[in-house]
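Structure first, commentary second.
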Amino acid sequence: MNKKDTHNPSTVPGVASPHVLAPLPYAENALEPVITAKTLSFHYGKHHKGYVDNLNKLIAGTEYADLSLEKIITSTVGKPEKTTIFNNAAQTWNHTFYWNSLTPMGGGEPPAALKQKIEASFGSVDACKKELASAAVSQFGSGWVWLVLDGGALKVVKTANADIPITMGFTPLLTIDVWEHAYYLDYQNRRVDYANAVLDKLINWEFALQNAS
Ligand SMILES: [Fe+2]
Numbered sequence: 002m003n004k005k006d007t008h009n010p011s012t013v014p015g016v017a018s019p020h021v022l023a024p025l026p027y028a029e030n031a032l033e034p035v036i037t038a039k040t041l042s043f044h045y046g047k048h049h050k051g052y053v054d055n056l057n058k059l060i061a062g063t064e065y066a067d068l069s070l071e072k073i074i075t076s077t078v079g080k081p082e083k084t085t086i087f088n089n090a091a092q093t094w095n096h097t098f099y100w101n102s103l104t105p106m107g108g109g110e111p112p113a114a115l116k117q118k119i120e121a122s123f124g125s126v127d128a129c130k131k132e133l134a135s136a137a138v139s140q141f142g143s144g145w146v147w148l149v150l151d152g153g154a155l156k157v158v159k160t161a162n163a164d165i166p167i168t169m170g171f172t173p174l175l176t177i178d179v180w181e182h183a184y185y186l187d188y189q190n191r192r193v194d195y196a197n198a199v200l201d202k203l204i205n206w207e208f209a210l211q212n213a214s
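For this note's numbering, count along the sequence shown from 1 and bump the result up by 1.
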């Protein structure tokens, strides 16, 4: 199993389509009050499921039908004629990674091994959180904010639409979805409040540490 496959529990290396919608790692109301069950129900049950269903329809009978999710993403990135397949594959991957980047008991202090890496790269956990929140606010339009490993250092990157750091040579550690569908029912236009609440109450530092190890 290559390392990136471990980031997506929906992907079993070597097993081809149909790709499956990975189960949520918690109940739909488990992230309340930061993210309501209503938001989670639409976001997971309609948006995420839609990407998986579209992907399966798009790749049926094509050269991509027998490829892992990661392989589909890396094989279609940057190819204008494959944009629709790329978008649905990457959004399938990104959302599974996002659900795992959150946990009902999240926020707080990162585990010591991660805290050390954060302090080495950002100076402090607060500075890292501020940079994540600032990236969430400054991403123009739909996209994602990521904490990634770039060589030995941690950094914050933002991507537009479905774009995904595994195609850029980075190892993603955690992500925050900043598409409006992630927060609009709960926060309307207040993306900054959503990002700060997620960072303070839900962010899954343990997951980030697993991905950094
Ligand atoms: Fe989303």
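C-beta atoms are modelled at their ideal positions from N, C-alpha and C, and glycine is treated no differently.
Rounded distance between the beta-carbons of residue j and residue i, thought under 8 Å
i, j, result
"F87", "T97", "Actually they do not touch by this definition, with Cβ atoms about 16 Å apart."
"P19", "N57", "4 Å"
"I177", "A196", "6 Å"
"A136", "R192", "At roughly 11 Å, the Cβ-Cβ gap does not stay under 8 Å, so A136 and R192 are not in contact."
"D187", "T37", "5 Å"
"L203", "W100", "Wrong, their Cβ atoms sit about 11 Å apart, outside the cutoff."
"S125", "L155", "Between L155 and S125 the Cβ distance is about 12 Å, and since that is not below 8 Å, they are no contact."
"N157", "E181", "In the sequence under discussion, the amino acid at residue 157 is Val, which differs from the Asn named in the question. Going by Cβ atoms, the distance from V157 to E181 rounds to 21 Å, so no, they are not a contact pair."
heavy atom of ligand 1 below 6 Å from residue i C-beta
i, result
"D187", "no"
With 16 other Cβ atoms within 10 Å as the buried cut-off, status of residue i
i, result
"F208", "buried"
"Q92", "buried"
"S102", "buried"
"G15", "Note that G15 has pLDDT 42, beneath the 50 cutoff, so the model's placement of it is unreliable and no number is given."
"L200", "buried"
"A61", "exposed"
"K39", "exposed"
"N89", "buried"
"A161", "exposed"
"P111", "buried"
"A128", "exposed"
"M2", "Confidence at M2 is low in this model, with a pLDDT of 32, below 50, so its placement is unreliable and the value that follows should be read with caution. By the 10 Å Cβ count, M2 comes out exposed."
Selection from the options that minimises the alpha carbon distance to residue i
i, options, result
"Y27", "G107, V21, A113, Q92", "G107"
"L32", "N205, G170, Q211, S122", "N205"
"M169", "W180, E181, V149", "V149"
"Q211", "V138, L186, A154, A114", "A114"
"V21", "V126, G46, T160", "G46"
"Y185", "K116, P111, K83, F43", "F43"
"G1", "V179, V158, S214, I165", "Residue 1 falls outside the range modelled here, since the chain spans only 2 to 214, and no answer is possible."
"A213", "V179, W180, L174, E181", "L174"
"K50", "T63, T84, G124, N95", "N95"
"A134", "D54, K159, H48, P34", "K159"
"Y52", "C129, T85, A183, E110", "T85"
"D151", "I119, V179, L59, H182", "I119"
Checklist line | Test item, CB below 6 Å from any non-hydrogen atom of ligand 2 | finding: Ligand 2 is not part of the structure shown, which contains ligand 1 as its ligands.
Margin query: So, does the region 65 to 72 touch the region 140 to 147, judging by three or more C-beta pairs under 8 Å?
Written below: No, they do not touch.
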